[in-house]
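What follows is a short report on a single structure.
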Amino acid sequence: MNLLTYIMHLAGTGAATYYISTQIRDSKTRPNVLAGLQLSEASSVPFLSLLSERAAKEGNTWLAEKLAKHALDETKHSRIFAHALKQMNKQAVEDQPHLEAESTSKQKPSPFFLAYFDGYTLEELKPTVINWDVFLGSTYILELDSSKDYKTMAKVLPENELSTRNLKKGLLSIAEDEASHAAYLYEGMMQRMSINQVQKLVDDWRIRKVNSIFRMATSVFQNDNNARSISQDIEIIKNT
Ligand SMILES: [Fe+2]
Ligand SMILES: [Fe+2]
Numbered sequence: 000m001n002l003l004t005y006i007m008h009l010a011g012t013g014a015a016t017y018y019i020s021t022q023i024r025d026s027k028t029r030p031n032v033l034a035g036l037q038l039s040e041a042s043s044v045p046f047l048s049l050l051s052e053r054a055a056k057e058g059n060t061w062l063a064e065k066l067a068k069h070a071l072d073e074t075k076h077s078r079i080f081a082h083a084l085k086q087m088n089k090q091a092v093e094d095q096p097h098l099e100a101e102s103t104s105k106q107k108p109s110p111f112f113l114a115y116f117d118g119y120t121l122e123e124l125k126p127t128v129i130n131w132d133v134f135l136g137s138t139y140i141l142e143l144d145s146s147k148d149y150k151t152m153a154k155v156l157p158e159n160e161l162s163t164r165n166l167k168k169g170l171l172s173i174a175e176d177e178a179s180h181a182a183y184l185y186e187g188m189m190q191r192m193s194i195n196q197v198q199k200l201v202d203d204w205r206i207r208k209v210n211s212i213f214r215m216a217t218s219v220f221q222n223d224n225n226a227r228s229i230s231q232d233i234e235i236i237k238n239t
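So this is what it looks like as structure tokens:
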């Protein structure tokens, strides 16, 4: 990684963390952040479970077990956010069964995802065929950064309410899990290649992350006016 990429990494990560920290600290914007996190944590579970099955079929029991545990952890993370939202009488829009049933179009990949995996087709990124090095390198960077982001979010939450104190604890436990995911992914890379090759792979994905954060930031600014809320009040239906 060259110096410019490194500086852009610090600036991009810093800006993204600053933005999400201000959003989670403010009780008005907090539900939307939590809903986004709940959905993104849950969205990785089917992918990880299928990868675990594939690793088992390929005879890599070590990786199959790590991936199965990873999928369980992400399910747990999603539940932590769902619980925090429930305490605020909110729930994520896509968590509502009636909306799910009505939705006809499949979830579109985010601008971040498209930029991060630039040059790969969606077909190539499916769990049944994805190149293991691509999976390990790309996911390692995301897990490593998310562990730091969750720690920062926990730090900025106010401590004066029981619900935010609980959320803080939840965020810290998630941060620990994400760090353990990064650790096994790194170990997975070390099992497959030399330390120099690992470093090169990690650097490549770091550069992709930096570039995609900047591209996503541009797209967010452009679409700011069309932003929609992804959390909704829970409707309490009285039985009459
Ligand atoms: Fe997670
Ligand atoms: Fe994770």
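Going by numbering that gives the first Met the number 0, the residue at position 34 of the sequence shown is 33; the numbering climbs one at a time, nothing skipped.
Note that CB positions come from ideal geometry on N, CA and C, so glycine has one too.
Computed from a prediction, not measured in an experiment: that's the story for all the values here.
Distances from the CA of Leu71 to each of His82, Gln90, Ala41, Ala54 were compared; the closest alpha carbon is that of Ala41.
Exclusion of the five residues before and after Phe46 leaves Pro126 as the residues of its chain whose Cβ lies within less than 6 Å of its Cβ.
Here the C-alpha atom of Leu66 lies approximately 31 Å from the C-alpha atom of Tyr18. Pairing Lys147 with Leu171 gives a Cβ-Cβ distance that is not under 8 Å.
In the three-state reduction of the DSSP assignment, Lys89 falls in the strand class, which pools E and B. For Gly118, no alpha helix (DSSP H) segment is defined, and its DSSP state is neither H nor E. The alpha helix (DSSP H) runs of length 4 or more contained entirely in the segment 123-202 are, from start to end of the chain, 131-155, 161-191. One alpha carbon belongs to Ile23, the other to Pro108, and they sit about 24 Å apart. The criterion of a C-beta distance shorter than 8 Å is not satisfied by Ala83 and Leu38.
Annotation: the continuous alpha helix (DSSP H) that includes Asn31 extends over 29-42. Within the same chain, and ignoring the five residues on either side of Trp204 in sequence, the residues whose Cβ sits closer than 6 Å to its Cβ are Gly136, Ser137, Ile140. Assigned with DSSP and collapsed to three states, Lys208 falls in helix. Remark: the C-beta of His82 is outside contact range of ligand 1, defined as less than 7 Å to any heavy atom. Counting only residues of its own chain and dropping the five nearest sequence neighbours on each side, Ile173 has a CB closer than 7 Å to the CB of His76, Ile79, Tyr149.
Residues lining ligand 2 by the Cβ criterion, that is a Cβ closer than 5 Å to any of its heavy atoms, are Glu142, Glu177, His180 in chain order.
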